[in-house]
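Adding 119 to a residue's 1-based position in the sequence shown gives its number in the working numbering.
Where a beta carbon is used, it is the ideal one built from N, C-alpha and C, also for glycine.
Everything on this sheet refers to the single structure shown next.
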Amino acid sequence: MGKFLDTNVVLDIIYPERPRSKDATAFYMKFKNYELKIENQVYKECQSLAIKYLNYFTADLQNFISTNDRHSKKWDMLDQKKRSKLLTLFLDNIKEPEKNDKLDRIPFYKSLINLSRHEIIYLNFKDLKDYLIGLASEVMRYLSEQIKTRFEYKLPYSPIEREDIIKFRTALLDSLRASVFKRDQIGDVYILSNIIHLLLYGDSDGNKYSEIVLFTYDKDFLNNFTKIKESPPEVITGYL
Numbered sequence: 120m121g122k123f124l125d126t127n128v129v130l131d132i133i134y135p136e137r138p139r140s141k142d143a144t145a146f147y148m149k150f151k152n153y154e155l156k157i158e159n160q161v162y163k164e165c166q167s168l169a170i171k172y173l174n175y176f177t178a179d180l181q182n183f184i185s186t187n188d189r190h191s192k193k194w195d196m197l198d199q200k201k202r203s204k205l206l207t208l209f210l211d212n213i214k215e216p217e218k219n220d221k222l223d224r225i226p227f228y229k230s231l232i233n234l235s236r237h238e239i240i241y242l243n244f245k246d247l248k249d250y251l252i253g254l255a256s257e258v259m260r261y262l263s264e265q266i267k268t269r270f271e272y273k274l275p276y277s278p279i280e281r282e283d284i285i286k287f288r289t290a291l292l293d294s295l296r297a298s299v300f301k302r303d304q305i306g307d308v309y310i311l312s313n314i315i316h317l318l319l320y321g322d323s324d325g326n327k328y329s330e331i332v333l334f335t336y337d338k339d340f341l342n343n344f345t346k347i348k349e350s351p352p353e354v355i356t357g358y359l
């Protein structure tokens, strides 16, 4: 049975600059052989927060350089060592907003500086602005690599395939309600209703299923199920 992690724990493990990273990493090292897992929603939330704070970082860094006459005039004239010191000064001048999100601004800024410092210090101010615009792909690549190397994460279907599957299963459920379910809700027919419900909505614990195997001796049930599966009320691409 895998262990599922929430967004904060995942981010603490991935980003060593976060305050709780040491404890989270110790947890990961202790339990990494237990098939640690994250759900699709956690992955999406990690991506969303990373992009959100990348946008903050881009705006704050450009503002720090361009609004300070001393910095903006000298940036293109500075050597790499002095530009690196200026980046450190930038971090020292950043203040956290009054309301922090799950991904604190300062730790993430430190992570971005560590990730991109060696590229930034070789760029003039104009090229730096272009580089910051394209930094999103590098952030997503880093996040994806860190997650894939540490956690079990699988997206079972593409968005288009998933939409087709949901439509097909919904049509199948509607067809069953209109025909087979006219019989008494007992035996295999009742089991089938539960199976369709599990495939559509998951169970009460939030678990999702892409495939369920059913064993039955009821030939009428199998015949009805096969007919409905092969000829649903609408022609829909998908499978059960």
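If you count every other CB in all the chains shown that lies within 10 Å of the CB of residue i, and 16 or more means buried, which is it?
i: aspartate 142; result: exposed
i: serine 230; result: buried
i: glutamate 164; result: buried
i: leucine 420; result: Since the displayed the chain opens at 120 and closes at 359, residue 420 lies outside it and no answer follows.
i: aspartate 131; result: buried
i: phenylalanine 270; result: buried
Keeping to the same chain, check which residues put their C-beta closer than 8 Å to that of residue i; ignore five residues upstream and five downstream.
i: threonine 126; result: Val161, Glu164, Cys165, Leu168, Lys221
Just the Cα atoms here: how many angstroms apart are residue i and residue j?
i: isoleucine 212; j: phenylalanine 183; result: Sequence check: residue 212 is asparagine here, not isoleucine. The alpha-carbon atoms of asparagine 212 and phenylalanine 183 are separated by roughly 9 Å.
i: valine 128; j: phenylalanine 227; result: 15 Å
i: serine 140; j: phenylalanine 244; result: 33 Å
i: isoleucine 232; j: isoleucine 266; result: 20 Å
i: phenylalanine 146; j: arginine 137; result: 15 Å
i: tyrosine 250; j: leucine 262; result: 18 Å
i: leucine 210; j: isoleucine 133; result: 20 Å
Ends of the alpha helix (DSSP H) at residue i?
i: leucine 241; result: Before going on, a small fix: residue 241 reads as tyrosine here, not leucine. Counting along the chain, tyrosine 241 falls outside any alpha helix (DSSP H), and DSSP gives it neither H nor E.
i: phenylalanine 209; result: 199-212
i: glutamate 264; result: 254-269
Below 7 Å CB to CB, which residues in the same chain sit around residue i once its five sequence neighbours on both sides are set aside?
i: lysine 248; result: Gln181
Leaving out five residues before and five after residue i in sequence, what residues of the same chain have Cβ atoms less than 6 Å from its Cβ?
i: methionine 259; result: none
i: glutamine 304; result: With a pLDDT of only 45 at glutamine 304, under the threshold of 50, the placement of this residue in the model should not be trusted, and no figure is reported.
Query raised in the report: Below 8 Å, can you find three or more Cβ-Cβ pairs linking the region 254-262 to the region 171-186?
Result: yes
Query raised in the report: Touch check for the region 230-240 and the region 199-206: three-plus C-beta pairs under 8 Å?
Result: yes
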